[in-house]
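Data first, discussion second: the structure below is written as structure tokens.
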Amino acid sequence: MSAMTESVDVDVPLHTAYLQWTRFEEYPRFMDGVEEVVRLDAHHHYWKTYTAGVTREFGTETEELPDERVSWCTVSDEPRHHALVTFRAVDADHTTIDVVTEVEPEGLTDTTETTPPFTATRVRPDLLRFKELVETKAPGETRDTPGPTEAGRIPPN
Numbered sequence: 022m023s024a025m026t027e028s029v030d031v032d033v034p035l036h037t038a039y040l041q042w043t044r045f046e047e048y049p050r051f052m053d054g055v056e057e058v059v060r061l062d063a064h065h066h067y068w069k070t071y072t073a074g075v076t077r078e079f080g081t082e083t084e085e086l087p088d089e090r091v092s093w094c095t096v097s098d099e100p101r102h103h104a105l106v107t108f109r110a111v112d113a114d115h116t117t118i119d120v121v122t123e124v125e126p127e128g129l130t131d132t133t134e135t136t137p138p139f140t141a142t143r144v145r146p147d148l149l150r151f152k153e154l155v156e157t158k159a160p161g162e163t164r165d166t167p168g169p170t171e172a173g174r175i176p177p178n
């Protein structure tokens, strides 16, 4: 697997950034190639992507630690990828978001242009689109769900 790291500073409080990031159904608004993400239960999501003429559908297992991190990894064999998104308060109104991704191409002919979103060529532009999205949302437009369950996971919507 190849790993890469990107960061972005957003001009919103940490809690606001975290809540917006956990709205998986809104990923198509800022992630290039993501057509749909559906929460199946407290820690599983269905993804549909379309990149370079190829549609892929896969499941991920997700873990959320409120106001600290969100991670997911594919539960199917291909495409295999893992992402870890962490949130750090700079001050009361600014947050740094760090994204670490690992992607294993499906085969020798696979490239970063046909692998799933959150690869080296896509993370930075996606983070900049997320920054614009979260900074331009009106207060109260991000979800405000209850805290995690005892297992440290957010209950399904």
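The sequence shown stops at residue 178 when you use this note's numbering, and every number in between is there. All C-beta atoms in this analysis are idealised placements derived from N, C-alpha and C, irrespective of residue type, glycine included. It should be emphasised that the depicted structure is a prediction, and the values quoted were computed from it without experimental measurement.
Next on the checklist: Do Trp68 and Val75 count as a contact pair if the criterion is CB distance below 7 Å?
Outcome noted: Taking the sequence shown and counting its residues from 1, one reaches residue 75 at position 54. Taking the sequence shown and counting its residues from 1, one reaches residue 68 at position 47. Between Val75 and Trp68, the C-beta gap is not smaller than 7 Å, which leaves the two residues out of contact.
Next on the checklist: One question on the structure: do Val91 and Glu82 come within less than 7 Å of each other, judged by their Cβ atoms?
Outcome noted: Taking the first residue of the sequence shown as position 1, residue 91 is located at position 70. Taking the first residue of the sequence shown as position 1, residue 82 is located at position 61. Not closer than 7 Å, so no.
Checklist entry - Ends of the alpha helix (DSSP H) at Arg145? => result Numbered from 1 along the sequence shown, position 124 holds the residue referred to as residue 145. Run containing Arg145: 144–157, per the alpha helix (DSSP H) assignment.
Checklist entry - Which residue's Cα is closest to the Cα of Leu148: Ala113, Thr107, Val124, Asp112? => result Walking along the sequence shown from the start, residue 148 turns up at place 127. Thr107 is the residue among Ala113, Thr107, Val124, Asp112 whose C-alpha sits nearest the C-alpha of Leu148.
Next on the checklist: Taking the alpha-carbon of Lys158 as reference, which of Arg50, Glu125, Val55, Glu89 has the nearest alpha-carbon?
Outcome noted: Reading the sequence shown from its first residue, position 137 is the one you call residue 158. Comparing alpha-carbon positions, the option among Arg50, Glu125, Val55, Glu89 lying closest to Lys158 turns out to be Arg50.
Checklist entry - Quick one: what's got a C-beta closer than 7 Å to Asp32's C-beta in the same chain, skipping five residues either side? => result Position 11 of the sequence shown, counted from the first residue, corresponds to residue 32. Cβ neighbours of Asp32 beyond the five flanking positions: Asp114, His115, Glu156.
Next on the checklist: I need the boundaries of the alpha helix (DSSP H) containing Tyr39, first residue and last residue.
Outcome noted: In the sequence shown, the residue the question calls residue 39 occupies position 18. Membership of Tyr39 in the alpha helix (DSSP H) is indicated by the continuous run 35–42.
Next on the checklist: Judging by CA-CA distance, which residue of His66, Ala110, Thr72, Leu61 is the nearest neighbour of Ala38?
Outcome noted: Working through the sequence shown from its first residue, we reach residue 38 at position 17. Ala38 has its Cα closest to that of Ala110, out of His66, Ala110, Thr72, Leu61.
Item to check | Unbroken beta strand (DSSP E) run spanning Met25, endpoints | outcome: By one-based count along the sequence shown, residue 25 stands at place 4. Under the DSSP assignment, Met25 falls in the beta strand (DSSP E) whose first and last residues are 23–31.
Checklist entry - So what does DSSP say about Phe45, is it helix, strand or coil? => result Along the sequence shown, read from residue 1 onward, the residue named residue 45 stands at position 24. Phe45 falls in the helix class under three-state DSSP.
Item to check | Whole-angstrom distance between Pro146 and Thr102, CA atom to CA atom | outcome: Here residue 102 refers to the residue found at position 81 of the sequence shown. Here residue 146 refers to the residue found at position 125 of the sequence shown. According to the sequence displayed, residue 102 carries His and not Thr. His102 and Pro146: Cα-Cα distance of roughly 19 Å.
Item to check | Pairwise C-alpha distance: Ala104 and Thr26 | outcome: Residue numbering aside, residue 26 sits at position 5 when the sequence shown is read from its first letter. Residue numbering aside, residue 104 sits at position 83 when the sequence shown is read from its first letter. If you take the alpha carbons of Thr26 and Ala104, they lie about 10 Å apart.
Checklist entry - Just curious, the beta strand (DSSP E) that Arg101 is in, first and last residue? => result Numbered from 1 along the sequence shown, position 80 holds the residue referred to as residue 101. Membership of Arg101 in the beta strand (DSSP E) is indicated by the continuous run 101–112.
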